[in-house]
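Presented below is the structure to which this report refers.
2 protein chains.
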Amino acid sequence: MSGSGQMAESTSGDQKQASVSGGKKSGDKGLDAIYQSVSDAIIEHRLKPGARLREDALADVFGVSRTGIRKVLQRLALEQLVTLTPRRGASVTRPSVDEAKDVFEARLLVECALMEAAAKRITEADVEDLRNMASQEQKALRNREQQTAIKLSAAFHARLAELSGNRTLAGFVSQLCSRSSLILAVYGHSGHLGCESHDHENLIDLLATGEGVRAGEFMARHLKSIESSLSIFEEPEETPDLRDIFALND
Amino acid sequence: MSGSGQMAESTSGDQKQASVSGGKKSGDKGLDAIYQSVSDAIIEHRLKPGARLREDALADVFGVSRTGIRKVLQRLALEQLVTLTPRRGASVTRPSVDEAKDVFEARLLVECALMEAAAKRITEADVEDLRNMASQEQKALRNREQQTAIKLSAAFHARLAELSGNRTLAGFVSQLCSRSSLILAVYGHSGHLGCESHDHENLIDLLATGEGVRAGEFMARHLKSIESSLSIFEEPEETPDLRDIFALND
DNA sequence: CGCAGACATAACGTATACAATAACCGACAG
DNA sequence: CTGTCGGTTATTGTATACGTTATGTCTGCG
Chain Z
1 MSGSGQMAES TSGDQKQASV SGGKKSGDKG LDAIYQSVSD AIIEHRLKPG
51 ARLREDALAD VFGVSRTGIR KVLQRLALEQ LVTLTPRRGA SVTRPSVDEA
101 KDVFEARLLV ECALMEAAAK RITEADVEDL RNMASQEQKA LRNREQQTAI
151 KLSAAFHARL AELSGNRTLA GFVSQLCSRS SLILAVYGHS GHLGCESHDH
201 ENLIDLLATG EGVRAGEFMA RHLKSIESSL SIFEEPEETP DLRDIFALND
Chain V
251 MSGSGQMAES TSGDQKQASV SGGKKSGDKG LDAIYQSVSD AIIEHRLKPG
301 ARLREDALAD VFGVSRTGIR KVLQRLALEQ LVTLTPRRGA SVTRPSVDEA
351 KDVFEARLLV ECALMEAAAK RITEADVEDL RNMASQEQKA LRNREQQTAI
401 KLSAAFHARL AELSGNRTLA GFVSQLCSRS SLILAVYGHS GHLGCESHDH
451 ENLIDLLATG EGVRAGEFMA RHLKSIESSL SIFEEPEETP DLRDIFALND
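Protein chains in written order, with our numbering: chain Z, 1 to 250; chain V, 251 to 500.
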């Protein structure tokens, strides 16, 4: 999915405006696709934390100019997936220990609270969809496709949050899940994914039976178990530590 | 509105304003200052919802080229303060009824929960600072400077969230407060500001005495009273409503 | 032989130029 | 008089070019 995925701007001729009542916001031509590709690559750990993302290289790969790449990079930076250093370019964010703690604290607070609303609003189709996602995730895990599993797990949690009907909070959770994927990459043990057990299936069961409170409690345990499975140690190598170490004023 | 000095980031130096084309010795871009100016103007309702933000006009006003303006606009768009319509440019977001509901629901969930952590971590200096902010807000209200009061109110809530120590959630609350300011502009009664009473002072008292739970409950009442003071009615004029009205499938 | 300073290179930041598209207005026909 | 079609204009989207800065290397001097 990387590389291709941009519509060719060949003269389509009779592309009249049938968009009076058609597309939602399909204005972004190929930039959204590029964003998705890069985002997926980061979430799937194909781009590891600390990897440098040169604008020229990305522009070359995706066949657009640096202008578009900069837009994508900026969006990723606002979502905290990449870090933009003033004169040094972009790199995949390496979450700090504090960031990791904050992210999981936020998830604990928001995702659990959202379960009650989700339980009230969930439909049969939603349950079907969620079971499908969970099954795909399990399959990926069995096939040792950790990258895919991580992405699917994040998508599952994001989908869950969407059920609440609150788009604002759902978007926030989606961001948190993406960042969690980065945290997994840095502080997680290789070969030991967070959502390894059948927690997601259990979660679906609770929601399907309308047990919102129980689902929230279960989600709390689920997230705590993920967090505790991480080995959050202070990293010896942190670039801006120098000032701290030597107590130099800025 | 041009040339309003903002707080300088601690990262590297300070930049007064965007200088004319030529040597920018500051190196670091002054785009953050432009962002702050536009953001403040929106939050203070000097730019009202629906107002169009032409790139050329902004570029001319701030003395930079459209490139920088686009970056600022995009950031504002990701924070939902401006809406970017594909070929029509940027305009100040006019929050829908659903958005307003979502935002206040999110604030209710997050801000209240954060009060407990804030009560545990608050320091004397924080209390001093908060009282100062609340006093400024009251002064602005007495002087009928609604614009300033609205901005200060949003800043107060954002500052409160910062006390929790969770930067991720604090940033989220800050966004929600900015959006709330927009909601106030659309659905609030003129001459009747949300945080009119002395709720903020009471909130500080509760936090200063370590009553986190009480503070959370008070915050809940506070936010609900703001929300209920709004007149959230269905807007008769919503561009995409046509599909809804005529039940045209997409 | 080691360090320091300068130069070259490469990557980012900004501006400008070009192209595409949608809105607006005028003209013409029914 | 009205509706529709075509042209014009204005504004955004994209690309490219240029300037700035940081980094790495090379050379000269101690």
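Here a beta-carbon is modelled for each residue, glycine too, at the ideal position from N, C-alpha and C.
All figures in this text were calculated on a predicted structure; none of them were measured in a lab.
Excluding the five sequence neighbours on either side, which residues of its own chain have a C-beta within less than 7 Å of the C-beta of residue i, listed in chain order?
i      : result
F468/V : N452, L453, L456
S231/Z : Y187, H189
F483/V : none
K48/Z  : V92, A185
E329/V : Q425, S428
G300/V : S341, V342, R344
Since residue i is in the beta strand (DSSP E), which residue starts that stretch and which ends it?
i     : result
V82/Z : 82-85
Give a yes or no on whether the minimum CB-CB distance between residue i and chain Z is below 8 Å.
i      : result
R409/V : no
Q286/V : no
Q324/V : yes
R371/V : no
L419/V : yes
A363/V : yes
N416/V : yes
L359/V : yes
F312/V : no
D282/V : no
D379/V : no
Using only CA atoms, which one of the options lies nearest to residue i?
i      : options                        : result
I476/V : V463/V, S414/V, S403/V         : S403/V
A458/V : K389/V, V377/V, Q324/V, A384/V : V377/V
L410/V : A465/V, I400/V, L328/V         : A465/V
G438/V : A301/V, P345/V, S341/V         : P345/V
L281/V : R304/V, F312/V, E395/V         : F312/V
L108/Z : L419/V, E395/V, Q330/V, T335/V : L419/V
F256/Z : D310/V, D306/V, N416/V         : Nothing about residue 256/Z can be read from this structure; chain Z reaches only from 1 to 250.
A327/V : Y285/V, D306/V, A363/V         : Y285/V
Q388/V : G460/V, G421/V, S414/V, H448/V : H448/V
Among the residues of its own chain, which have a CB less than 6 Å from the CB of residue i, if the five just before and after it don't count?
i      : result
L308/V : I319
L130/Z : I204
S431/V : I293, I400, A404
Q147/Z : E44, H45
A90/Z  : L53, L73, V82, L84
M115/Z : G212, A215, G216, M219
A41/Z  : L47
D102/Z : none
A356/V : L426
A134/Z : H200, E201
What three-state label does DSSP hand residue i in the structure shown?
i      : result
V463/V : helix
R394/V : coil
M257/V : Caution is warranted here: a pLDDT of 35 is assigned to M257/V, below 50, making its placement in the model unreliable, and no coordinate value can be reported.
A340/V : strand
R52/Z  : strand
S96/Z  : coil
L308/V : helix
F156/Z : helix
E329/V : coil
L109/Z : helix
I252/Z : Past the boundaries of the shown model lies residue 252/Z; chain Z is included only from 1 to 250, so the question cannot be answered.
Q267/V : Annotation note: pLDDT 34 at Q267/V (below 50); position unreliable, coordinate value reported separately. In the structure shown, Q267/V sits in coil (DSSP, three-state: anything other than H, G, I, E or B).
I372/V : coil
Is the shortest distance between the beta-carbon of residue i and the beta-carbons of chain V less than 8 Å?
i      : result
A220/Z : no
E105/Z : yes
E217/Z : no
L78/Z  : yes
R88/Z  : no
K71/Z  : yes
I232/Z : no
D199/Z : no
Quick one: give me the first and last residue of the alpha helix (DSSP H) that residue i is part of.
i      : result
S65/Z  : Element bounds for S65/Z: n/a, residue is neither H nor E.
G421/V : 417-437
A458/V : 449-458
S414/V : Neither: S414/V is in no alpha helix (DSSP H) and is coded neither H nor E.
E297/V : At residue 297/V the sequence reads Leu, which differs from the Glu that was named. Per DSSP, L297/V belongs to no alpha helix (DSSP H) and is neither H nor E.
Might you give, ordered along the chain, the residues of its own chain that have their beta carbon closer than 8 Å to the beta carbon of residue i, omitting 5 neighbours on each side?
i     : result
K71/Z : L31
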